[in-house]
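Counting in full-length UniProt numbering, the sequence shown runs from 1 upward without gaps. Don't be surprised by glycine CBs; every beta carbon is placed ideally from N, CA and C. Here the structure is a predicted model, which means the values were calculated and not measured. Heads up: the structure comes next, in structure tokens.
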Amino acid sequence: MALAAREVAVTHDLLGEAAWALFVAGQAAWRQGAVMRATEAMESSFELFRVVGRWLDAARVQLSLGGWRSASEQYETAVEAAEMALVFAEQDGDPKVQAEALELLAHIRQRQDRSQDAWRLLERALTLYRSSGDVPTQVRCLGKLGDTLNALGDDAPALSHLLEAERLVREGQSDESCDDSSLKAALLIRLGGLYRKLGDLQRSQAALQEALTLSQGGQNRSHEMVSHETVATLELGQLQLALNAPEQAQVSLQRGLALARLHALRAQEFAALGGLGKLHALRGDLMEAAAAHREAAEVARGVTDAAGEASALLDLARVHLSLQQVHSAHGVLQRALALVGDPAWKTAPLEIHELLAHTCALLGDFQAALAHHRHFHVLDQQRFDGYTTRRASRLTDALELERARHDAEVYRLRTEAARQARAEAEGQVRDRTLELEHSQLEAFTRLALAGEYRDDETGQHTWRVGQYTASIARAMGLPDEQVDLLGVAARLHDVGKIGIPDAILLKPGKFTPEEYERMKTHTIIGARLLSGSRSTLLQLAEVIAWTHHERWDGQGYPHGLADEAIPLPGRIVAVADVFDALTHARTYKPAWTHQAALDELMKQKGAQFDPQVVEAALGVFSTSGFFEGLERDQTAQQSSLARGAARPPGAARPESR
């Protein structure tokens, strides 16, 4: 027994050493540019760390993978890695690594232009860094929070966070291993930029001068300090422009450009050229301004910075207009628009459409000018109309995190099962899996409610469909356990509507052919949201979401299934969904009587609906007292919902047309 225990311990140690060796090899391969080899080594390292229960090391592996994927703009897989790192760090209980995972997630969300989500993640990370007592990481996180809040336009809290970070650095509380000069210089640059934005030019100048002095100190400066010197110099140039000191601004901007080129700092080179272009335009040197902006666009193109290139082209177009070169301005703006597309969360498309409207009007193309003017206002409206989309995104993020936690917890419990009595450990796995399954179901139910509240005047459509489905299934003789599952799973039949834009979902009139095709995709979206679960309930809900708009005669969607090729749950929910849609009023129609709805079911028997399901439904809906009992249950359900959060206004008909 003792010998076996020693052998297990030795094997455990060897696996841990192998995992660490793979981790080091993966890091080295990445530095050499061998991306595939690096990824394979890291994934193998993660699996070994997981097997031996070294949760913190497993988290660090996922942090590395997440950082690499984010740098390569593989944001979806980067998020998965960061969330897995968070799960394993939570298992270990290490607050610092948990915070690093949250910080990585925030960085990814920032790259995706989701600053609101990034802010929330950084606030959570800051709380954890404070609990760990590590000052340098607090300072770094406070600086990022300041940048994020600044981007969101929340200048006062941004300034508060940056001043707190500066206080920590000035008090000298950071440990000796931290380069406080670099931290302080970075913070002073942030403060200088924010003070300039707030109009406090005196404080801005003091902060930037101090940052410049700090970054120029010492003989063997790091690349980071050289970068700080370059940024501080360029920020001073922008400040001097604001102070109406163009000669000083030119000196600073040209020096910043020289530093950027000397040290291959392409982002700073781009900023310097843009600043010089604006300086030349301010002086009336329009040809030099055009040359600077054109060169800035080339720099951005060289580093595949589409947004930066579009910004430079926008400045170039303004110079062309000042030179009365309207055709040139129009061509440049078209190139800029092709680079950025029409995402409403960026300001560049708005400015481009606005300037294109003006340019087309100058060219006499008033139809195009009107089109760009309308496009500008549509995008402007979309910027401020993201409530539902943001809520759906938050719920989906929570769902994906719940899935990651589920997988990590099952891994942990299975590892314990190998060390302990198998029966007891497997029992824990079953219990914990069931508990996590309920959490996952709750997340999906909330997601379904989010879609329901957008598309149902009463907020009770999916609840009634679940009740009707269970009653029909019971009448068809299905086992009680399956009846109960169907009743719950049916409530998720329209969960995919969370992915349909409000402009279509809330439209009171008839859909255009294109809108109808887009609406039909809610079946596919719902099935994908529900896919990948081990839960019998959620697997059943996936089938229902996918098939409840198929028809018995094969004329339905999304796959045109017919007869018994359509799974029975989808056939039952199809009848329940249509009956409820017919018998409840919408803005475009009054409620049908129950008898009229039953007549319609009979009419569609063998065409839209399974004849056996229709017969069972007729029996259920004709039962004396059925709807009265359902109404009592519904009243209780509404009372329960009233104690929760209020739903947003606006409703439209259920998509059963």
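Extent of the continuous alpha helix (DSSP H) to which residue i belongs
i, result
"D580", "L568 to L582"
"D494", "No alpha helix (DSSP H) contains D494, which DSSP labels as neither H nor E."
"M476", "First-last for M476: undefined, no H or E at that position."
"H320", "A306 to S322"
"G331", "V326 to V340"
"V52", "Note, V52: premise wrong, no alpha helix (DSSP H); not H, not E."
"K144", "V135 to L152"
"E288", "L286 to G302"
"R190", "D180 to L198"
"L276", "R266 to R283"
"R124", "S115 to S132"
"F88", "Y75 to D92"
"R261", "P246 to L262"
"F511", "F511 -> no alpha helix (DSSP H), and no H or E assigned at all."
"S72", "Note, S72: premise wrong, no alpha helix (DSSP H); not H, not E."
"residue 674", "Because the chain spans 1 through 657 in this model, residue 674 falls outside it and cannot be assessed."
"T521", "That residue, T521, is in no alpha helix (DSSP H); it is neither H nor E in DSSP."
Residue i versus the options, residue with shortest Cα-Cα distance
i, options, result
"Q595", "I572, T623, R318 and P479", "T623"
"R69", "M36, Q240, D553 and R170", "M36"
"Q138", "R114, A156 and E164", "E164"
"D134", "P157, V169, D154 and Q91", "V169"
"S182", "D154, L149 and G217", "G217"
"A490", "G509, R111 and A545", "A545"
"A289", "V303, A307 and A312", "A312"
"residue 667", "D305, D553, E354 and H358", "Since the first residue shown for the chain is 1 and the last is 657, residue 667 is missing from the structure and cannot be characterised."
"A81", "D94, A118, T39 and W119", "T39"
"L56", "S115, Q209, M42 and L86", "L86"
"V340", "H330, I352, G331 and A21", "I352"
"K497", "Q268, F88 and K520", "K520"
"D94", "A78, T148 and S131", "S131"
"A58", "A78, Q91 and Q74", "Q91"
"D154", "L188, Q116, I572 and P136", "Q116"
"L282", "A591, V319 and A267", "V319"
"R54", "E295, L14, E76 and Y75", "L14"
"N150", "L198, A357 and S72", "L198"
"A297", "S328, A336 and G284", "A336"
"P611", "G193, I472 and I504", "I472"
"M287", "L323, M42, L333 and L236", "L323"
Rounded straight-line distance, which links the Cα of residue j to that of residue i
i, j, result
"A260", "A371", "41 Å"
"L105", "A581", "42 Å"
"A249", "S44", "54 Å"
"E17", "V52", "10 Å"
"W30", "R50", "22 Å"
"L241", "L279", "7 Å"
"Q98", "G66", "14 Å"
"I524", "P558", "7 Å"
"H375", "L561", "40 Å"
"H228", "L126", "24 Å"
"T230", "R528", "48 Å"
"S177", "A101", "Note that S177 scores a pLDDT of 44, beneath 50, so its modelled location is shaky and nothing firm can be said."
"V184", "Q325", "What sits at residue 184 in the sequence shown is Lys, not Val. Going by the C-alpha atoms only, they are around 46 Å apart."
"S531", "L537", "11 Å"
"R167", "S160", "11 Å"
"M1", "W20", "In this prediction, M1 has a pLDDT of 41, which is less than 50 and means its spatial position is unreliable; nothing more can be read from the coordinates."
"D397", "V79", "Caution is warranted here: a pLDDT of 49 is assigned to D397, below 50, making its placement in the model unreliable, and the coordinate value is therefore given only provisionally. Distance between the alpha carbons of D397 and V79: 10 Å."
"residue 675", "Q62", "Only positions 1 to 657 of the chain appear in the structure, and residue 675 is not among them; the question remains open."
"V483", "K144", "52 Å"
"R60", "E83", "12 Å"
"P569", "R534", "18 Å"
"R114", "Q604", "47 Å"
"Y516", "F366", "32 Å"
"R331", "A271", "Sequence inspection shows Gly at residue 331; the Arg mentioned does not correspond to that position. Each residue's Cα considered, the two are about 23 Å apart."
"R124", "C141", "10 Å"
"D563", "P513", "26 Å"
"H107", "R518", "32 Å"
C-beta contact flag for residue i and residue j at 9 Å
i, j, result
"Q460", "G487", "no"
"A317", "E309", "no"
"F626", "A597", "no"
"H493", "H548", "yes"
"V495", "A576", "no"
"L321", "P349", "no"
"I572", "W552", "no"
"L257", "L273", "yes"
"L121", "L162", "no"
Cβ of residue i within 9 Å of any chain C Cβ
i, result
"K510", "Absent from the structure: chain C. Only one protein chain is present."
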